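For reference, the structure discussed in these notes is given below.
In full-length UniProt numbering, the protein residues as written are 1 to 371.
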């Protein structure tokens, strides 16, 4: 299909050009007796509306279930679950904001004025980054729990989890509200009918944000999860964590509960056995860091069984797999397009394929609460 933005914009991002393609619709003329009428029918846009709406509903419902369970059940308000809830909040915001994206895809133009567009661009990109940075924070925390268990156990608290969660929002909003919103207001740019950010028209600026907000977090997540996976594999087969680190006090803090291990397949949270073990000796659901920092009582050796270790390994694999599906294809396509659209033969790609790469990144907001 013809990209209508080519005539007015010298350069746009992959997301923007795919949105612009939606302007082209199939027009069916129906002539009735005594007069004529024109009915505009777009099969492609209707498909986009149905699929987009379905995904948005799934994202909103699954994350609301997680948030509801956390609010109702006090036992779920543990250190690890605070990180999961932070992901649920950001993913819920992604789903709500994407309602505008669904309307945009169906109509072929942004459903709002230029000022709203500029603010929306900052919010939309910031919400993606909160989710990504949140996974990075969880990786760092789990990595420390695995390789420096005693210090991690002595310093972890709900207050620390809240601070780290707030940090993800500060980082994401500080970057994107300046890069996509303040920038556009400062130069008084016209985002046009397709709601184009100023940085998306500059190849260097577009590649910079792609590397900084996608490839760099992906690299950090990959390295940390690989190291955690290696450590998990070393303990599979009945080895206990305290054999690797020494005292039982250390073993208590090496619970390998990761991003979604506290979520059941039905979308509700449940206490894991490893978390219950920590609570027995150091009440992880207590206030602040009193219980979580541990007591002065002699520690008992808590050995993780082979089944528990295999479960942690399996959960870890699901998280890495879902994150890879959602972000790696999208990241590669966006980066190559930022260099030169011809590298991916953009004009020859079917519209459904283009839409797939746009929407696949939203799938991670659905995978997080159910994996």
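Yeah, the Cβ is synthetic: ideal placement off N, Cα and C, and Gly gets one too.
All figures in this text were calculated on a predicted structure; none of them were measured in a lab.
Here's a check: name, in chain order, each residue in its chain whose Cβ is nearer than 7 Å to the Cβ of residue i, leaving out the five neighbours to either side.
{"i": "residue 62", "result": "267, 366, 369, 370"}
{"i": "residue 86", "result": "134, 165, 168"}
{"i": "residue 114", "result": "190, 191"}
{"i": "residue 185", "result": "118"}
{"i": "residue 64", "result": "92"}
{"i": "residue 187", "result": "198"}
{"i": "residue 172", "result": "126, 129, 130, 133"}
{"i": "residue 90", "result": "127, 130, 131, 134"}
Under the three-state reduction of DSSP, which class applies to residue i: helix, strand or coil?
{"i": "residue 352", "result": "helix"}
{"i": "residue 139", "result": "helix"}
{"i": "residue 190", "result": "coil"}
{"i": "residue 370", "result": "coil"}
{"i": "residue 117", "result": "helix"}
{"i": "residue 217", "result": "helix"}
{"i": "residue 134", "result": "helix"}
{"i": "residue 196", "result": "coil"}
{"i": "residue 184", "result": "helix"}
{"i": "residue 111", "result": "coil"}
{"i": "residue 324", "result": "helix"}
{"i": "residue 31", "result": "Bear in mind that the predicted position of residue 31 carries a pLDDT of just 31, short of 50, making it too unreliable to give a figure here."}
{"i": "residue 301", "result": "The pLDDT assigned to residue 301 is 38, lower than 50, so where the model puts this residue is not dependable; a value taken from the coordinates is nonetheless given after this. In the structure shown, residue 301 sits in coil (DSSP, three-state: anything other than H, G, I, E or B)."}
{"i": "residue 234", "result": "helix"}
{"i": "residue 73", "result": "coil"}
{"i": "residue 338", "result": "helix"}
{"i": "residue 345", "result": "coil"}
{"i": "residue 23", "result": "With a pLDDT of 41 at residue 23, under the threshold of 50, the modelled position of that residue is not reliable, and no figure is offered here."}
Since residue i is in the alpha helix (DSSP H), which residue starts that stretch and which ends it?
{"i": "residue 375", "result": "This structure cannot settle anything about residue 375, because the visible part of the chain is limited to 1 through 371."}
{"i": "residue 98", "result": "79-107"}
{"i": "residue 204", "result": "203-210"}
{"i": "residue 149", "result": "149-155"}
Can you give me the Cβ contacts of residue i inside the same chain, cut-off strictly under 6 Å, excluding the 5 residues immediately before and after it?
{"i": "residue 207", "result": "338"}
{"i": "residue 103", "result": "111"}
{"i": "residue 109", "result": "193"}
{"i": "residue 363", "result": "326"}
{"i": "residue 195", "result": "110, 117"}
{"i": "residue 101", "result": "none"}
{"i": "residue 357", "result": "330, 333"}
{"i": "residue 231", "result": "146"}
{"i": "residue 343", "result": "336"}
{"i": "residue 213", "result": "129"}
{"i": "residue 320", "result": "225"}
Among the residues of its own chain, which have a CB less than 8 Å from the CB of residue i, if the five just before and after it don't count?
{"i": "residue 328", "result": "218"}
{"i": "residue 215", "result": "331, 335"}
{"i": "residue 210", "result": "331, 334, 335, 338"}
{"i": "residue 361", "result": "128, 326, 327, 330"}
{"i": "residue 151", "result": "144"}
{"i": "residue 139", "result": "220, 221, 224, 225, 228"}
Rounded to whole angstroms, how far is the Cβ of residue i from the Cβ of residue j, which I believe are closer than 8 Å?
{"i": "residue 180", "j": "residue 122", "result": "4 Å"}
{"i": "residue 79", "j": "residue 161", "result": "5 Å"}
{"i": "residue 141", "j": "residue 83", "result": "7 Å"}
{"i": "residue 228", "j": "residue 143", "result": "6 Å"}
{"i": "residue 88", "j": "residue 66", "result": "4 Å"}
{"i": "residue 126", "j": "residue 176", "result": "4 Å"}
{"i": "residue 49", "j": "residue 105", "result": "7 Å"}
contact_flag[the stretch 187-204, the stretch 127-140] where n(CB pairs < 8 Å) is 3 or more: no
Touching by the beta-carbon criterion (3+ pairs, under 8 Å), the stretch 89-99 and the stretch 59-77: yes
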